[in-house]
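Report on the following structure.
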Amino acid sequence: KQEVTQIPAALSVPEGENLVLNCSFTDSAIYNLQWFRQDPGKGLTSLLLIQSSQREQTSGRLNASLDKSSGRSTLYIAASQPGDSATYLCAVRQLGSSNTGKLIFGQGTTLQVKP
Amino acid sequence: GAVVSQHPSRVICKSGTSVKIECRSLDFQATTMFWYRQFPKQSLMLMATSNEGSKATYEQGVEKDKFLINHASLTLSTLTVTSAHPEDSSFYICSAQKTTGGYGNTIYFGEGSWLTVV
Chain A
40 KQEVTQIPAA
50 LSVPEGENLV
60 LNCSFTDSAI
70 YNLQWFRQDP
80 GKGLTSLLLI
90 QSSQREQTSG
100 RLNASLDKSS
110 GRSTLYIAAS
120 QPGDSATYLC
130 AVRQLGSSNT
140 GKLIFGQGTT
150 LQVKP
Chain B
28 GAVVSQHPSR
38 VICKSGTSVK
48 IECRSLDFQA
58 TTMFWYRQFP
68 KQSLMLMATS
78 NEGSKATYEQ
88 GVEKDKFLIN
98 HASLTLSTLT
108 VTSAHPEDSS
118 FYICSAQKTT
128 GGYGNTIYFG
138 EGSWLTVV
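Quick note, the sequences are listed as chains A and B, same order.
First residue of the first sequence: 40, per the working numbering; consecutive thereafter.
First residue of the second sequence: 28, per the working numbering; consecutive thereafter.
Given below as structure tokens:
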């Protein structure tokens with residue numbers, strides 16, 4: 040059974056710092072991995088999606104990497120800003136299942152960027 | 028991009044009553060939709076897979092008779108929380124997969140619905 044774990048659970052950094060959020064998964068048979076942002080009381084915003092054949096994806100100050108064999112992904116945020124404060128979730132889409140659209144989520148990392 | 032709409036975004040209901048949450052794909056057809064639940068400070072957990080024209084598939088531990096799912100058309104799935112209790116208070120969010128299915132299609136999420144049972 041696939042399990043997705045995110046470390047740390049919470050993170051507080053001063054503005055301007057570069058930071059890394061970690062996501063690990065137990066079953067490497069994934070189709071893709073996706074990072075989401077969730078603001079308090081809100082839904083999900085998709086940040087980056089990495090297909091299983093890819094190593095990384097970049098969007099602006101965000102860079103996500105994927106090492107499928109080791110079951111790890113990282114989300115790198117450069118030059119953090121207070122507006123980056125949110126909960127970041129990673130989710131994997133599993134292979135080998137008849138339910139092709141099911142996502143399995145990690146517990147999330149709650150980020151606070153202090154001005 | 029594709030849009031998935033959920034309604035209502037927030038609802039408060041009395042204990043013992045039922046509440047219905049709608050999930051609509053606005054500009055595409057979705058054979059399959061998914062319902063997730065998120066308790067405070069926890070992650071999203073899949074509750075069930077909603078299949079158009081057939082019965083929903085529930086995850087282990089989710090009560091079928093309490094969380095009724097209907098997917099009567101290719102653009103609408105509904106989740107009804109029956110005889111709601113305070114412990115059902117949670118954030119419910121749906122996602123939808125385009126009709127052609129398979130792994131090649133992006134999953135689109137709704138905005139979520141906050142349910143508070145008093």
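Quick reminder that beta carbons are idealized off the backbone N, C-alpha and C, glycines included.
Collapsing the DSSP output to three states places Pro53(A) in a strand. The C-beta of Arg132(A) comes closer than 9 Å to at least one C-beta of chain B.
Residue-level contact by beta carbon fails for Gln93(A) and chain B, as no gap is shorter than 9 Å. Contact of Leu88(A) with chain B is assigned, a C-beta pair being separated by under 9 Å. One thing to note: Ser63(A) has its Cβ no nearer than 9 Å to the Cβ of Ser108(A). Here the stretch 91-98 of chain B makes no contact with the stretch 135-145 of chain B; the two share fewer than three CB pairs at distances below 8 Å. A check of alpha carbon separations from Arg100(A) across Pro47(A), Val59(A) and Ser112(A) identifies Val59(A) as the nearest. Annotation: the stretch 61-134 of chain B contains no complete segment of the alpha helix (DSSP H) (minimum length 4 residues). Rounded to whole angstroms, the gap between the alpha carbons of Gln77(A) and Ser70(B) is 11 Å.
The DSSP-derived three-state label of Asp123(A) is helix.
Short of 7 Å from the beta carbon of Asp123(A), and not among the five residues preceding or following it, lie these beta carbons of its own chain, in chain order: Ile116, Leu150 and Val152. Neighbours of Phe144(A) across chain B, judged by C-beta separation under 7 Å: Ser70 and Leu71. Look at the stretch 97-120 of chain A: it has no residue with a C-beta under 7 Å from a C-beta of chain B. If you draw a straight line from the Cα of Pro121(A) to the Cα of Gln45(A), it comes to about 21 Å. The C-beta of Gln33(B) has 16 or more other C-beta atoms within 10 Å across all chains shown, which makes the residue buried. The contact set of Glu138(B) on chain A, defined by CB atoms closer than 7 Å, consists of Gly82 in chain order. Considering only Ser122(B), Ala75(B) and Ser110(B), the residue with the shortest C-alpha distance to Val46(B) is Ser110(B).
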